[in-house]
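Shown next, in structure tokens, is the structure this report addresses.
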Amino acid sequence: MRKARALLGRLGTLLLCAVLAGVVVAGMIFPFLALSGTALRTGTQKFDALPAELTVRRPPQASEVYAADGTTLLARFFDDNRRDIPLADMGEPIQWAIIAAEDQNFYRHNGVDVRGVARAAVANRAGAPLQGASTITMQFVRMSSTYTQEDPTAVVAATEDTGIRKVREARLARAIERKLNKQQILEGYLNMAPFGNGTYGVHTASQLYFGKRPAELTIAEAASLAAIVKSPSYYDPLVPEGARHLRERRDWVIRQMVETKWISRAQGDLESAAPVQVTGRRLPDNCTAAVPNHFGFFCDWFYRWWLAQDGFGATPYDRERRLKSGGYRIVTTLDPGIQNAAQKRVEEHLPTGRSEALMIAAVEPLTGRVRALATNRRFEVPDEAHPNGPSTDPRAGGRSGTYPATTNPLLTGGDGVPGFQAGSTFKMFTLVAALEQGIPLANVINAKERYESAYRGARGDAACPGTDRWCPTNDSDGMTGPQTAWSAFGRSVNTYFVPLEERVGAAKVIDVARRLGIEFRAQDDRARADDPAQANAWGAFTLGVSATTPLDLASAYAALAADGRYCAPVPVQEITGPDGAVPFAALNCREAVSADVARAAIDAARCPVGDRSAFDQCDGATARDARKVVGAPIAGKTGTTDDGRSAALVVTTRELAVAGILADPDRPQGGPAMDHAVVNPAVYETLADAVRGRQPLEFPKPGEKLVFGERKPVPDVTCQPVEAATAALKTAGFAVEQEPVPVPSPCPAGSVASTTPAGKAVAGGVVVLRISRGPAPSTTFGPSSSPSSGPD
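Just so we're on the same page, the numbering used here is the position in the sequence shown counted from 1, plus 353.
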């Protein structure tokens, strides 16, 4: 069989000579034609039936993904590791070398080198190793043919080493030469040629073997690449034996460059003396190869985003194929400066290797562009050589944990990761829902130490004694008493926001969260949110018991900083393909809440992070250092879940929102308490780094209607009996409540000491009576009780 195939190969070559060279070559082939006249007649008939046109399709190319600066390469995605570049960007040495090695008559023939064919025929007849005599144009035809076939058997036929294939290539080569000029053919060849180790084309080959662009190659390096094309596996420079073979072949190519006058003999001697030195630096292939590694989490989110875009294909499979073969240049939204700052702050406050995950996302208001995704994890798949630590979940049964390496989308959610509870950061959604119903920031609620809510289904300590009614408490006793939205948000008063949620309806609070981009990835959360009855009964929602991600949280607060305009988080700024710009949904924005509602919510949110309300109404802060460190107007909120299972902080300026969550991915529903001393500085220091040097932007002032509402004078009932004071306030249209603990005052015991608020209050709002216990007793000191002045 092998002998028959060899005979047919030689016969095909001879037939090609006869057809193309005529009398010159005919004398050489007659002895062989005697072997099979039938074969000759059949071959001639087949030649006439062969196609004379070749549709040159663009071969699959790798897509390259860059950071927002357009120069920092994050990753490459490919099936064939190829990237087309213009001939002008390849430099002359590689062009000279490939012509000298593969087709010295390239610029003199019309697609088929008759002399080369004849020379191959003579060599083959003499018993030398089988020579193909394929020109660069014929090789270009062969490579192009493999990309025009959709049937695998046709692909095999296009590359099968037979004489008939060579005849077909010759016919098509002549046609191609009439359609394309020499520069176009050479450019196509150099972009498609195989260079081994999974690389195709000179762009990826020069990057792999020499770590440089093709135009930067030396003559010796260009000759090395030209040598590899002959047999990429035999001349593989990344293995010792291949490197030895390559040196011999490279020096031969250099000699051919001298013979063809591309270079001088002195140049040839100098280049031949140089050793073959290759870097073997592979370009990043997919996100686990991202450099630096912490860019991998953003890269992975980009990849998941791409697979979800309908505009890139009908199915995720189609979209992936397009990404890996389309040859796109994709500029993402990742800001290397902000990303590096975020990663630095994460590692400072919780180094990689800890089981707890410190996760930070940064989002740009008005665009939704995601500028950073950082966490204390390596983005890689753990293996036996680099195993992960044991899971901290006692139910894991010896299973490995998610530290120090994972490819789970901890920061963005999905693929079985619903996110983590963000605690009181969700109080913002209750505040927005109340503002939408016209309840102003100045609205007073008398916050109880323990609030007996109307929500049912509570158990254990969360239930009111002897009932199943939910009775939330506060973090400390100092949070009780009359509170406005400013003080309640600043101090994070649970027993202010739960009754406020009851008043506006929990379903409306959940609707606000959805409009601001909170996704309910956990099945139980989604079921509650989707069912109006269950949603209205979800009282604990305002305390942030639903799973979320740093990315969702940053996007929600970014929308409020952008006057209520929510922009879905997006990882891409620009996509360019071989044919130009590629349209995609660069911005997906909508008005989630009105501008005045957003401005009022932001005004209250300035309190928790140590900033000042536009109306000087802040009283209390849970992350007071944030404003001082950032050095610009900010708004935000801390969040802590029951038993400290997670801790969160989100802080935003008008230019950037940064959210962080500290939790244990292995046991998100329970474990050691998370520390705000870790997450808080990591978040606001990241923001400070990001905005340093920029002109601070002030938040717009909200309208007074949503700030103070319709205000009415509060009757002065100081020192009046409680019953009379209550009647006067109710007559004025206020609801009346009493503080349970009397306070010292000049008024008689049992009378009204003061009201909160005083002067003016929201029409129909609550006025709280403080009851007097009488004047505070004066303190006197007798001879035996006077304080000592201490020694002289």
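In this text, a Cβ means the ideal position worked out from N, Cα and C, and glycines have one as well. Here the structure is a predicted model, which means the values were calculated and not measured.
- Below 8 Å, too few C-beta pairs join the stretch 522-533 and the stretch 562-579 to call them touching: fewer than three.
- Here the alpha carbon of residue 581 sits roughly 6 Å from the alpha carbon of residue 548.
- Assignment of residue 823 by DSSP, reduced to helix, strand and coil, places it in the strand class.
- Residue 452 holds the alpha-carbon nearest to the alpha-carbon of residue 488 among 500, 653, 452 and 499.
- Judged by DSSP in its simplified three-state form, residue 1113 adopts strand.
- Annotated three-state conformation of residue 532 is helix, per DSSP.
- If the five residues before and after residue 913 are omitted, its C-beta is found closer than 7 Å to the C-beta atoms of 951, 954 and 955, all from its own chain and listed in chain order.
- Here residue 1058 is exposed, its C-beta having fewer than 16 other C-beta atoms within 10 Å.
- In terms of Cβ geometry, residue 712 and residue 989 do not form a close pair [threshold 9 Å].
- Out of 468, 500 and 521, the CA that lies nearest to the CA of residue 491 is found in 521.
- Going by DSSP, residue 682 is part of the beta strand (DSSP E) stretching over 682-685.
- Residue 604 has its alpha-carbon roughly 21 Å from the corresponding atom of residue 443.
- Here DSSP, grouped into helix, strand and coil, assigns residue 872 to coil.
- Taking a 10 Å sphere around the C-beta of residue 1125, we find 16 or more other C-beta atoms and assign the residue as buried.
- Where residue 847 is concerned, the enclosing alpha helix (DSSP H) starts and stops at 847-857.
- For residue 695 and residue 1061, the gap between their C-alpha atoms comes out near 38 Å.
- The C-alpha of residue 1082 is placed about 48 Å away from the C-alpha of residue 1016.
- Excluding five sequence positions before and after residue 907, the CB atoms of its chain that fall closer than 7 Å to its own CB belong to 714, 715, 716, 1003, 1010, 1011 and 1012, given in chain order.
- When C-beta atoms of the stretch 636-651 are compared with those of the stretch 428-445, three or more pairs fall below 8 Å, so the two segments count as touching.
- Taking the Cα of residue 497 as reference, the smallest distance to any Cα among 931, 538, 618 and 608 is reached at 538.
- In this structure, residue 820 lies away from residue 850, with their beta-carbon atoms at least 9 Å apart.
- Rounded to the nearest whole angstrom, the C-alpha separation of residue 450 and residue 680 is 26 Å.
- Excluding five sequence positions before and after residue 944, the CB atoms of its chain that fall closer than 7 Å to its own CB belong to 917 and 918, given in chain order.
- Sixteen is the threshold: since fewer than 16 other Cβ atoms of the shown chains lie within 10 Å of the Cβ of residue 1050, the residue is exposed.
- At a cut-off of 4 residues, the continuous stretches assigned as alpha helix (DSSP H) that sit fully inside the stretch 901-941 are 903-914.
- Nearest neighbour of residue 1023 by Cα position, chosen from 1044, 997 and 873, turns out to be 997.
- When secondary structure is reduced to three states using DSSP, residue 620 falls in the helix class.
- Under the three-state reduction of DSSP output, residue 544 falls in the helix class.
- By the CB criterion at 9 Å, residue 842 and residue 780 fall inside the cutoff.
- Residue pairing by DSSP leaves residue 777 without any beta bridge partner.
- DSSP links residue 430 through a beta bridge to 416.
- Where residue 677 is concerned, the enclosing alpha helix (DSSP H) starts and stops at 669-678.
- Between residue 575 and residue 438 a beta carbon distance of about 15 Å is seen, past the 8 Å cut, so the two are scored as non-contacting.
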